[in-house]
Each structure stands twice: as structure tokens, then as C-alpha cells.
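In UniProt numbering, the protein residues as written are 1 to 308.
Here is the structure we will look at, set down as C-alpha cells.
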Amino acid sequence: MDEVLLPAAQPDEFDRLLRGAIDVHVHGQPDLSAGLPNRGADVDVARLAHAYGMSGWVLKSHLWSTMDRAGAVQRAMAETGFTVYGSITLNPPAGGLEPAVVELAAAHGARVVFLPTWGAAADVARDGYISMLLRRISPSFGEYNDRTAIALCDSTGALSGRARAVVDACHALGLALATGHASVEESRAVAEYCAGIGQRLLVTHPLHYAKDAARLREFVDMGAYLEFCNAPLVHPDGHLTIRDVHEALAGVGPERAILTTDVFSRWVPPEPECLRMFVEQLAYLGWTAEQIATMVAANPRAFLGVPV
């Protein structure tokens, strides 16, 4: 990837809405499999993101922790000031809802903990997209996924003791927490508990599961951040449009919203270009540069617990 050619081909001030942005939902290469070359090498894409004016990323993987990878990219980018944060997703390969895993991840440099994604019982029940892809890679995955599905709540709908222990560990260690692929009901239980102890929380792509403005506002009222990502807007099977995002944002306001990409498909542009497309479309629909900066720069920093 030529880190000069793509920016040079862009309109004047192409980076105007991305200066200082941190994307807190970046999938690296490889993510699901080395046999799926869906994007360029992490360092090359990070250099491009820096050329777009961005300040940093959170690297996420559905399968493995990303702290080592984030550290390697960070070292390669040391002269730029671009910051790459590592994370862990509490799917079955990582041990699931284990506070010890959170503690060890923090010791290894993690900044964000994602609750289960494809490993969430709610995601297994709806036969999530990532599970479909993983079944193509691993002949044994379907049985494994069914057998190891993780519920965040008990039979009464209350947050389970293991889930509370994970949230407590995040809070004690100053880590940011995201809901992964939890159901709306599970996410609400997590948000209530986080509100009670002051834990920073991001409700991950809630428009995948609920568009009702009142329901989204409940999360905001509990102090959670809401993620709005570009991935479903550029997917052939996506059910969302930029106007759906616009309407949801109009219902909740930019004050607790975070814009991300979450892209890892071969047909999409590199991550920074995806984010640029996203914010420029929102600008076209009337969102101001100040509001966009809140959603791509100030709020991600606050969620991560880093200085604004």
C-alpha cells in the first residue's frame, strides 16, 4: 500500500473531520484467518490512518488478544505519535467470563475488554455473521460454538456473578469495557451494573439489534457510550443505511456517541478511508465538524480514559 498515493488523490482537506480521531473498533490482518487477506498489513494501514490525521486505534480480534500486535505496530509508529491500544475479547478461546483473564490482559497492556462476540449465547441463538464465517474456516466450529456459548445473565435476567466479576476487574484496573455481541437485555443489565460502580462502557453497534430511540436513550441515561459503526453500511447484506445512523444520532445526540469502522471485508476501502466516508456522509446530512469531532475524537478518548 502506498501511504502517499491515496491521500494525494483525495479532495483538498480530505482529513478535515478525522484530525485527532481514534477508531476504537479496528480489525487487523489477520483477524479470523490468515487465509482471508481482507486488508493490508497493520503497520501499512496505521501509517495511512496517520496520514489521514487520525491519532490512534484500538485493535480488536474475535479470536485472540491484540496486545502484542498493538505493541509491534506502536513501535513501528513511534515517531508519529499515533497510538495503538490492545484489547481482549472474552470469547471461549480467551477463557470466557474470567476476571483472571482480564487481570492478566491488563498486565499485558490491554486497554479495552470486549465481552463475548461470536461466543455470546445471544449471538449463537441468532446464528451471527462471524459464526457463519468461522464455520467455513473450522469444520469443528459449529459444535464448539454451541457447546461453549456464554450467557451474561442468569435465568431471572440478572447479570451473572461471573459477568459482574469481569466488570469489577475492569473497574479496578481502569480498563474500558464494551458489550460485544450481547443482546439488548444483557447490554442493559451490564449498563445498569456499570452505572452503579462508575465503569466506562461502550454499547457495541446497538443498531444491529435495536433502532428504538427510547431504548438507545436508556443506555445514554445510564452513562454508557453508544457505538455507531460503518461496517453494516458497506456490507452487501447490510440492513442499515447512513440515514438510519443519522436518525439514531438525532435521537440520542452526539454527547455519548462514538463513530467507528468495524470493517474487515475485502470489498471495503482501508479503515481510515471507511471512517472518512462515514463522517463526510454525516456532514452532508447536517452534522457539524464540532459534533463529529466529539464522536470521533473526544468521546473515544473519554471512553478509553486517556487525556483529551
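Quick reminder that beta carbons are idealized off the backbone N, C-alpha and C, glycines included.
Bear in mind that the values here come from a model prediction, so they are computed numbers and not experimental data.
Shown here, residue 255 sits in a helix according to DSSP, grouped into three states.
For residue 70, the closest C-alpha among the options 86, 282 and 76 is that of 86. In this model, residue 161 and residue 218 are separated by some 23 Å (Cα to Cα). Boundaries cannot be given for residue 61, as no alpha helix (DSSP H) includes it and DSSP labels it neither H nor E. In the three-state scheme derived from DSSP, where H, G and I count as helix and E and B as strand, residue 278 is classed as helix.
DSSP places residue 260 in the strand class (E or B) of the three-state scheme.
Bounds of the alpha helix (DSSP H) holding residue 69 are 67 to 76. Here DSSP, grouped into helix, strand and coil, assigns residue 135 to helix.
DSSP, read as helix, strand or coil, puts residue 25 in strand. The beta carbon of residue 251 is closer than 6 Å to those of 213 in its chain, skipping five residues each way along the sequence. By the Cβ-count criterion, residue 130 is buried, with 16 or more other Cβ atoms from all chains shown falling within 10 Å of its own Cβ. Going by C-alpha positions, residue 95 is about 42 Å away from residue 16. When C-beta atoms of the segment 13 to 29 are compared with those of the segment 237 to 249, fewer than three pairs fall below 8 Å, so the two segments do not count as touching. The C-beta of residue 13 has fewer than 16 other C-beta atoms within 10 Å across all chains shown, which makes the residue exposed. In the three-state reduction of the DSSP assignment, residue 45 falls in the helix class.
Taking each of 62, 234 and 200 in turn and checking the Cα distance to residue 304, the smallest one comes out for 200. DSSP links residue 159 through a beta bridge to 153.
Between residue 46 and residue 271, the alpha-carbon positions lie close to 9 Å from each other.
Non-local beta-carbon contacts of residue 254 in its own chain, meaning distances under 7 Å to residues more than five positions away in sequence, involve 291, 294 and 295 in chain order. Membership of residue 86 in the beta strand (DSSP E) is indicated by the continuous run 83 to 89.
In chain order, 99 and 197 place their CB closer than 8 Å to the CB of residue 168, counting only its own chain and leaving out the 5 sequence neighbours on each side. Pairwise C-beta distances place the segment 152 to 159 out of contact with the segment 126 to 142, as fewer than three of them are shorter than 8 Å. Residue 38 has its alpha-carbon roughly 21 Å from the corresponding atom of residue 54. Secondary structure note for residue 36: it is in no alpha helix (DSSP H), with a DSSP letter that is neither H nor E. A Cβ-Cβ contact shorter than 8 Å links residue 299 with residue 258. Listed as beta-bridge partners of residue 120 by DSSP are 150. Separation of the CB atoms of residue 152 and residue 177 is rounded to 12 Å, and the pair is thereby denied contact status at 8 Å.
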